[in-house]
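J.:
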Amino acid sequence: MDKQFEEMQTRMFELESQVEMLQSLLLRVIEQDSTLHNQLKTELEYVLLKHDLPIEKRHDVSFFLIRLEKAYKFENKIPTLISFHEELKQVLELEELLEEVSIRLIQEYVRRGIFTVGNMIKYEK
Numbered sequence: 801m802d803k804q805f806e807e808m809q810t811r812m813f814e815l816e817s818q819v820e821m822l823q824s825l826l827l828r829v830i831e832q833d834s835t836l837h838n839q840l841k842t843e844l845e846y847v848l849l850k851h852d853l854p855i856e857k858r859h860d861v862s863f864f865l866i867r868l869e870k871a872y873k874f875e876n877k878i879p880t881l882i883s884f885h886e887e888l889k890q891v892l893e894l895e896e897l898l899e900e901v902s903i904r905l906i907q908e909y910v911r912r913g914i915f916t917v918g919n920m921i922k923y924e925k
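The opening position of the sequence shown corresponds to residue 801 in the working numbering, with each subsequent residue numbered one higher.
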């Protein structure tokens with residue numbers, strides 16, 4: 801049983817290393833093609849952020865969106881993109897985050913019908 805566990809841990813480590821290498825390679829390819837750079841880098845950062853978020857941070861993001869939704873429904877308070885972005889960075893405990901990632905998050909939750917106030921947030925598409 802211990803041997804199987806060690807083999808599984810070794811395999812997981814190898815897979816994680818391969819994924820990190822592929823992520824790095826993909827970022828280098830994207831950075832070399834300036835027309836794809838902004839759009840794909842934003843999308844990749846968003847996907848990686850969602851993938852790497854621990855479950856408690858995912859809940860924190862959900863609670864953050866619920867709080868903003870309630871503020872809109874009960875107080876007619878619409879956040880600005882800047883305030884949304886800065887507060888999202890605090891919720892995620894990140895020092896840096898592309899503003900486009902915040903826009904992508906808003907768009908996804910609006911599309912799901914979960915974050916209706918997101919339709920009111922003004923940003924350039």
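C-beta: ideal position from N, C-alpha, C; glycine also.
Does the separation of the CB atoms of Leu881 and Lys922 fall below 8 Å?
T.: Contact flag set, yes.
J.: Confirm, please, whether the CB-CB distance from Ser902 to Phe884 is below 8 Å.
T.: Yes, the Cβ-Cβ distance between Phe884 and Ser902 is below 8 Å.
J.: Just to confirm the assignment, what range does the alpha helix (DSSP H) spanning Glu886 have?
T.: First-last of the alpha helix (DSSP H) with Glu886: 881-892.
J.: How should Leu822 be labelled, buried or exposed, when 16 other C-beta atoms within 10 angstroms of its C-beta is the threshold for buried?
T.: Exposed, since its Cβ has fewer than 16 Cβ neighbours within 10 Å.
J.: Would you mind sorting Gly918 into buried or exposed? The rule is 16 or more other CB atoms within 10 Å of its CB.
T.: Looking at its Cβ environment, which holds 16 or more other Cβ atoms inside 10 Å, Gly918 is buried.
J.: With respect to the alpha helix (DSSP H) encompassing Glu895, which residues constitute its N-terminal and C-terminal limits?
T.: Taken as a continuous stretch (DSSP letters only), Glu895 belongs to no alpha helix (DSSP H), as it is neither H nor E.
J.: Do you know whose CA, among Lys857, Arg904, Arg911, lies nearest Leu894's CA?
T.: Checking every option, the nearest Cα to that of Leu894 belongs to Lys857.
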